[in-house]
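Worksheet for the structure shown next.
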Amino acid sequence: MCLEGHPHRLECLANLCRALHIRFDRLGDLPDLERAITISNEVVQHTPIGHPDRPHFLRNLANGLRLRFERLGEIGDIEKAVSYSEESVQLVPDDHREKPDFLGGLGACLLNRFEHFGCDDDVDRAVAVSVLAVDLAKDGHRNKHASLTSLGNSYTQRFLQIGNVTDINHAIRAYEQAARITKGHADRPSCFTNLGRGLAVRFEHYGDITDIDKSIRVQEKAVDFLHDRHPDKPNCLSNLGYSLSRRFSRLHEVTDTSRSIEAFDQAVALVPESHPDKFRFLMNLGNGLLTRFESQRSDSDLQRALSLYEKVVQILPEGHLELPNSLSNHGNAHLMSFEKFGDITSLDRAIDLYGEASRLTPDDRPTRHSYLGNLGNAHLQRYGSLGDDHDIDKAVLSLELAVDATPNDHPDRPGCLDTLARALVTRFKGRKRLSDYVDLDRAIRLYSEAAFSQSGRPSTRFTAARNWVTCARDLKHHSLRAAYTCLLDLLPRVAWLGLSLERRREEIAGIGGIACDAAATAIEYGDFQQAVVWLEQGRLILWSQGLQLRTPLEELKDVHPHLAERLEAVSIALEQFAFSGSRVIDPIPGVKRTNEEQARRQRALADDWDKIITEIRTKPNFSRFLQSKDFHELTPATRNGPVAIITTSSGHCDALLMTANGVCHVELPAKYQEIEKLVDLMKSLLWSSGRMSRGSERGMRTKQVRAPDRWAYILETLWILVVEPVVSGLHLQPSESPPRLWWCPTGLFSQLPLHAAGVYESSNRVSIHNYAVSSYTPTLGGLLRLPAATASRQMLAVGVSETEIAHQALPMVKREMSLLRSIVPEQSLTVLEGREANVARILGAIVDSTCLHLACHAHQDLANPLSSAFILYGEKLELSRLIGQSLPKAELAFLSACQTAKGDASTPDEALHLAGAMMFAGFRSVIATMWSIDDQDGPVIAKAVYSELFTQSSIDSSAAARALHTAVCRMQQEGVPFERWVPFITLGL
């Protein structure tokens, strides 16, 4: 024991101080820090000026005071810490090997003081001393990573206050370098945490999805490295929760918000109540709960968030730099409470909190626009509830200030612009003064700027575009065409290829019939060509995305081979993820990935794909590369016959009739409500007969509901309201050898049997069969495809009459297979029956097949259409597996099963059914069924089709359509009930 006066006493005390600091770092016990500060103070007091160890003792004391300031928030501690750090730096020459450590200590103290008081000079000095520290720390310096971390922290804080993108980029580069050089080092988890935080900050401001994915990945590593008692563990968990929450706000994956709250909860539990940063952990947890409340609307989440924010506001002292942010978050919770429960006092409280946050924030702070925007939105909502003109004027003023304070490239700007535009429109509608007309023109300009912005979330830009459409349509403004074009251009961004297939379907289902509304507007203005283009562009988004990934690149390869090579590689990889249907499988053979890893990889590939496409479009003659087709590019779809596009909006129904000579319009006598009633009646008939129930399938014993009069009514009504006007518009005449006609129905019409319309219970019987051979096409693009470059006729026939799963036996499937063997030449036929017909063998054989015949059960999954499947022996061939196939030789698929062309009612314009999957995989023609069929009818239709088909030298899809036409006409003439012959249809060429 070194008593006072002992020559080694100072050295012993310094060693004891270091030991206490080490234990405090590991365990976080405040008494250890207090004792270390007391000892350090004694050491400094007894160390004379000029002593070689005085700089070290000063640095230790400053570090202890800084840490205590972080815990207790005593202002005197941070002031002394800065002073002692400055003295220590001045005492150490630049060529001293520890000079970077002293500079780092000063930078940390300056940064802590800046975070509390917000003085720009402190953060600028912190950056400057950190830059010097990194310059002086040569490669191999034991604490080079600490200097880099300090530099990254300084740049990050300055970015958060000033908003210069260069700062956050410098910060991330410093964090990345620190992480690279700490392999095996105890500080590596902290380096990962800092890097993750920097990436999350950049994502929050600029929206690059790869940033937030990487942020989560490195922070997960940091959390895994640390035990629960490590003092850095709460910070790591909270940062991870923040990143997960931000990604949820962009992608809306439910697992992200659940995981974020779990991380926040763990962080809060690990932080003692006395910790000065406890408020941050509480606030982050409140933010996570509020984010989940927005999507799941759980009252408990909202109430818990409100309680946490109340506690945070009580903790923070007046003048604290984080007080405005905490007030704004508290206001968000009260605003959501008002939106949920309608309590005006909650809205009043939100306005007070937003107002105080705005007043406490200097004009040059980059967060000010957020507080002003929230304040303006709250005033707008109170105006909607109470109608006080003062509120709408305050809303406009606050939102104008918010827009002025938001940089042009900030992701929040589109939302600010959209809200300001809504406020201007609301003010005009409320007053309708002539002087306020200028508000409407201004609103349209704001909507336009928001929609066309290159920053911000696609969903925010889409909302702005939709509001622009509404405003321009109401005003009959000349920008309506541009508004619809922008809106439709944004559809693929909302249903982004970086999202899972299920999520993209959900996004499209939530959007509704945008394309039909756009077409109705174009028709109203007499621009029928534009109506056709918009219907083509705004429908079958999912299939169109997949076809873009399979686009031939020969022309690009000739001019820009390197770009073509990059695009081809990314497209192949992206398709494996984007159209796998479920991330449970591993798209890349031999590479095992977790669902999270697959999702990240998909998003990274989608981001690369977008960037490559953008680069290609900058090249001469490639500005429209993979853009939607114009009308003249769609015209060749009519080379084999006319196309009748049937569309409807809330007001009326229309037919756009395309021929080689152009397009004409026929206003149909049908009203939207009449079509709704027809659909409901048909569904009722099918449900009552068991042909549309969840368990309905080929071969099951359907209920014998005799309702010929109701079926006749449906088909006659379709004839009168839809089909006969089309026949007249095309000047078709009855014929024994009628021409081809393609139906392209949209919305509700996609559920109706237009191909069977007619008057059947009258002496003057007439139907579409007299005038045309009907086929369907989901889009015009499907008719632009050229026949496969093969003269071979290879058929794969799959027959499964019995399954391990509880399905009705299909005895007629064996007869169907026998008929095929008698009709199709042996050298052209491969048959897989029973247990031999498994998924692996089918997918293997289908690649070389020109024709595919599937006779088995099929299941239409109403909850998840991507899980719809053909039922084999002991397994299923799901739609999600089929769409992953690319079949260049494919010509005809005959799906002799039930409901293979029955789509998802929530996305009627996406053709998410088994027949659609076959067309996407490459089959140019598909024979399918709209609902369940009888087992006995499969062989009848198959014989009729293939007897015609295999009398020719090559497979002709036109012959298949005509053969089906003849077969169903014969069934009709023989008195077969409507519900048995009507479901058979052809799709494609």
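FYI, the numbering for the sequence shown is 0 to 988, going by numbering that gives the first Met the number 0. Virtual Cβ for every residue (Gly too), placed ideally from N, Cα, C.
- 9 angstroms or more divides the Cβ of Ala394 from the Cβ of Asn373.
- Annotation for Thr459: the continuous alpha helix (DSSP H) segment containing it runs 457–474.
- In this structure the region 290–309 does not lie against the region 534–553, because fewer than three pairs of beta carbons, one per stretch, are closer than 8 angstroms.
- The beta carbon of His226 lies closer than 8 angstroms to those of Lys232 in the same chain, with the five residues before and after it left out.
- Per DSSP, the unbroken beta strand (DSSP E) holding Cys850 starts and ends at 850–854.
- Here Leu110 is not near Ser146, since their CB atoms are 9 angstroms or more apart.
- Here Asp933 really is in contact with Arg979; their C-beta atoms are around 6 angstroms apart, less than 8 angstroms.
- The C-beta distance from Ser259 to Phe247 rounds to 7 angstroms, short enough to meet the 8 angstroms contact threshold.
- The straight-line gap separating the alpha-carbon atoms of Ile513 and Gly650 is approximately 14 angstroms.
- Taking a C-beta distance under 9 angstroms as the contact criterion, Lys618 and Val569 do not qualify as a contact pair.
- Burial is judged here by how many other beta carbons sit within 10 angstroms of a residue's own beta carbon; Tyr436 has fewer than 16 and is exposed.
- With contact defined as three or more Cβ pairs closer than 8 angstroms, the region 657–677 and the region 510–527 are in contact.
- In this structure, the straight-line span from the alpha carbon of Ser885 to that of Leu573 is close to 14 angstroms.
- The DSSP assignment places complete alpha helix (DSSP H) segments of no fewer than 4 residues inside the region 348–394 at 367–385, in order along the chain.
- Out of Pro230, Glu203, Phe224, the CA that lies nearest to the CA of Ser242 is found in Glu203.
- In the same chain as Val267, and ignoring 5 residues on each side of it, the C-beta atoms closer than 7 angstroms to its own belong to Phe280, Leu281, Leu284, in chain order.
- Under the 8 angstroms Cβ criterion, the region 905–914 does not count as touching the region 939–946, having fewer than three qualifying pairs.
- Non-local C-beta neighbours of Glu86 in its own chain, meaning closer than 6 angstroms and more than five positions away in sequence, comprise Leu57, ordered along the chain.
- Taken through DSSP and simplified to helix, strand or coil, Ser867 comes out as coil.
- Residue ranges of uninterrupted alpha helix (DSSP H) with 4 or more members, entirely inside the region 480–513 and ordered along the chain, are 500–510.
- DSSP links Cys743 through a beta bridge to Ile644.
- In this structure, the CA atom of Val126 is about 27 angstroms from the CA atom of His274.
- For Ile74, the number of other beta carbons within 10 angstroms of its own is below 16, and it is reported as exposed.
- DSSP, reduced to helix, strand and coil, places Met929 outside both helices and strands of the structure shown, so it counts as coil.
- Assigned with DSSP and collapsed to three states, Ile612 falls in helix.
- With a contact defined as Cβ atoms closer than 8 angstroms, Leu423 and Arg441 qualify at about 6 angstroms.
- For Gly383, same chain residues with a beta-carbon under 8 angstroms away, outside a window of 5 residues either side, are Thr425 in chain order.
- Restricted to the region 762–841, the beta strand (DSSP E) segments that are unbroken, complete and at least 3 residues in length are 772–775, 794–798, 828–832, listed in chain order.
- Ser866 and Ala508 have their alpha carbons spaced roughly 17 angstroms apart.
- Residue environment analysis places Gln601 among the buried positions, since at least 16 neighbouring C-beta atoms fall within 10 angstroms of its C-beta.
- Residue pairing by DSSP places Lys875 opposite Ile870 in a beta bridge.
- Shown here, Ser885 sits in coil according to DSSP, grouped into three states, outside any helix or strand.
- Under the DSSP assignment, Leu315 falls outside any alpha helix (DSSP H); it carries neither an H nor an E label.
- Counting along the chain, Gly103 sits inside the alpha helix (DSSP H) bounded by residues 98–116.
- A buried status is given to Ile841, since no fewer than 16 other beta-carbon atoms sit within 10 Å of its beta-carbon.
- Of the other Cβ atoms in all chains shown, fewer than 16 fall within 10 Å of the Cβ of Arg616; this residue is therefore exposed.
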